[in-house]
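According to the working numbering, the sequence shown is numbered sequentially starting from 358. Data block below; observations after.
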Amino acid sequence: MKKILVTGGLGFIGSHTVVELQNAGFEVVIIDDLSNTTIGVLDKITEITGTKPDFHQIDLRVKNDVKNFFENNKVDGIIHFAAFKAVGESMHKPLDYYENNLGALVYLLQEMRDRKLDNFIFSSSCTVYGQADELPITEKAPVKTAESVYGNTKQIGEEILKDASKAHNLNIIALRYFNPIGAHPSIKIGELPLGVPQNLIPYITQTAAGMREELSVFGDDYDTPDGTAVRDYIHVVDLAKAHIAALERLINKNNKKGFEYFNIGTGKGSSVLEVIKAFEKASGKTLNYKIVPRREGDITAAYADTTIANKELNWKTEKTLEEALGSSWKWQQQQ
Ligand code: WQD
C-alpha cells in the first residue's frame, strides 16, 4: 500500500483529499500545525472512511522537525496544502506569508532531494493569472504580476518547484484551483472559516443562518451580464479527486514533463447574483443582501478551460453548483 504525506491534511481541501486518498486505497500520514483547523477533523475523517490516518502536529517552518519527520517516515508521495491563504491578511503580514508558504516548501523539497523521495503535488491557485486577457482561462494564459502577497507566494512557489524538478529530477504537479466550495456529502467535514469569512460562500451560509446581518455584494458595475463578478465555483470533493488523479499520473510515471500544472475548475462561470439565486433554490432560504462598492483587488471574471486537465488527468467535475451550495448549507446548519 503506497503511503502519502498530506500537509495541511486537517484543513478544508486537505481533509477532503485525505478521504479520497483512503477511498482510493492509499495509506495516509497527515502533518498539520492546527493553526487554521481543529484536531476534531481527524476523528471526522475516521468516521467517514473507518481508517484513522497517522497524524503529526508539526510546524513546517521548523526545519529540524521536518527533518525528524522524514527520519522516521518514508513516503511514496507528498500532497502539500499547508499554507496561509487569506488574501487580505497577506497584505499586512507579507513576511509571515513568505516564511510559511515558501520556507516550509523549500524544507520539504530539500528532504525529497536528500532522501530520493518523489511525486509532489502542490496546491496552487488561479490567482496566478490575475485578470486573464481571454476567457475561459487555459494553462497557456500568462502568469501576471500578483495582486496580493498570497498570490505571489503561489507564483514563486511554482518557480521553486520548476527549478527543483529540473535540478533534482523530481516529478511535480501544481494544481491551479479556481474557487473551492461545498462540503462532504456525509456533512462531517467542510469549510471552517475562523472569524469573519472573507470568501463568498461561508458568508452566504452564515447570513442565511442568522449569524450575519446581510451579505454585501462587492460591486454590480463589472463588465459582466448582470454586473456582478464571475468565478468558477468547484465542489471540494471534485477538487479532492483531481489530486488523486494527479498523484496516480506521477506514480504511474504518465507525466510528460518533470514539472506540470493544470487548471482545476468546472469550466463554468457564475456571477455573485447567480450564486445567490442558486443558494436560495438549494436551501429554500431567502438571502438578505445589498450591493456595495467593489472590493479592492478583485478581478472581473475567471473561469477555467478544463480541456487539458480532463484529458491528461482523465478527470472532470461531476457535481453541480446547486449540489455544492446545498452541501454548504447543510454543513452550516451542523455548526
Ligand atoms: C468570490 C466573489 C467577491 C465575499 C479568493 C482567493 C483565491 C482562493 C479563493 C485561496 C468575488 C464576491 C465575496 C463577500 C462578495 N483562495 N464576494 N461578498 O476572491 O474569487 O478568490 O478565494 O486559495 O486564491 O483569491 O473568492 O470567495 O473571496 O470572492 O461579493 O462577502 O464573491 O467580490 O467576486 P475570490 P471570494
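Glycine included, C-beta positions come from ideal geometry on N, C-alpha and C. Since this is a predicted model, take the numbers as computed values, not measurements.
- Quick one: what's got a C-beta closer than 7 Å to R569's C-beta in the same chain, skipping five residues either side? Y560, Q563
- Any idea if G641 is buried or exposed, counting beta-carbon neighbours within 10 angstroms, 16 or more meaning buried? exposed
- Any heavy atom of ligand 1 closer than 6 Å to the Cβ of A661? no
- Message: Between the region 534–554 and the region 675–684, can you find at least three pairs of beta-carbon atoms closer than 8 Å?
- Response: yes
- Straight-line Cα distance separating K401 from N380: 14 Å
- Where Y618 and E496 are concerned, what is the direct C-alpha to C-alpha distance, given to the nearest angstrom? 7 Å
- Once you ignore the five residues that flank K450 on each side, which residues in its own chain have a CB closer than 6 Å to its CB? none
- Which residue comes first and which comes last in the alpha helix (DSSP H) that contains G514? 506–525
- Exposure label - L417; buried when at least 16 CB within 10 Å: buried
- Item | DSSP state of H413 mapped onto helix, strand, coil | strand
- Between I530 and I478, is the Cβ-Cβ spacing less than 7 Å? yes
- Run the CB neighbour count on V385, radius 10 Å, all protein chains shown included, and call it buried at 16 or more, exposed below. buried
- Message: Below 6 Å, is the gap between the Cβ of A586 and the nearest heavy atom of ligand 1?
- Response: yes
- Query: Can the beta-carbon of M469 be found less than 7 Å from the beta-carbon of L378?
  - Reply: no
- For the region 542–557 against the region 497–517, are there 3 or more C-beta pairs whose distance is under 8 Å? no
- Query: Under a Cβ-count criterion, where at least 16 other Cβ atoms within 10 Å of its own Cβ denotes burial, should D490 be classed as buried or exposed?
  - Reply: exposed
- Query: What do you reckon, is the C-beta of Y486 under 6 Å from a heavy atom of ligand 1?
  - Reply: no
- Nearest-angstrom Cα distance between F441 and Q414? 16 Å
- Task: Ignore the nearest five residues each way along the sequence and tell me which others in M358's own chain have a CB closer than 6 Å to its CB.
- Result: E384
- Cβ contact (3+ pairs, closer than 8 Å) linking the region 363–370 and the region 388–395: yes
- Query: Quick one: what does DSSP say R588 is sitting in, helix, strand or coil?
  - Reply: strand
- Compute the Euclidean distance between the alpha carbons of K647 and P493, then round it to the nearest angstrom. 29 Å
- Message: Does the beta-carbon of S684, which I'm using as the reference point, lie nearer than 6 Å to any heavy atom of ligand 1?
- Response: no
- Message: Do A658 and T581 count as a contact pair if the criterion is CB distance below 7 Å?
- Response: yes
- Taking all protein chains shown into account, do 16 or more other C-beta atoms lie within 10 angstroms of the C-beta of I435, making it buried, or fewer, making it exposed? buried
- Terminal residues of the alpha helix (DSSP H) in which T364 lies: It is not in any alpha helix (DSSP H) - T364 instead sits in the beta strand (DSSP E) that spans 360–364.
- Query: Within 6 Å: the Cβ of S481 and any heavy atom of ligand 1?
  - Reply: no
- Does the separation of the CB atoms of F535 and I591 fall below 7 Å? yes
- For ligand 1, any of its heavy atoms closer than 6 Å to the Cβ of Y590? no
- Query: Ends of the alpha helix (DSSP H) at F636?
  - Reply: 629–640
- Task: Run the proximity test for L459: is its beta-carbon closer than 6 Å to any non-hydrogen atom belonging to ligand 1?
- Result: no
- Task: Report the residue from W688, G382, F616 whose alpha carbon sits nearest the alpha carbon of N476.
- Result: F616
- Query: Relative to the alpha-carbon of A443, which residue among T510, I396, D433, R472 has its alpha-carbon at the smallest distance?
  - Reply: T510
- Taking the C-alpha atoms as reference points, what is the distance between H525 and E515? 15 Å
- Nearest-angstrom beta carbon gap, R533 and S481 [assumed within contact, 8 Å]: 5 Å
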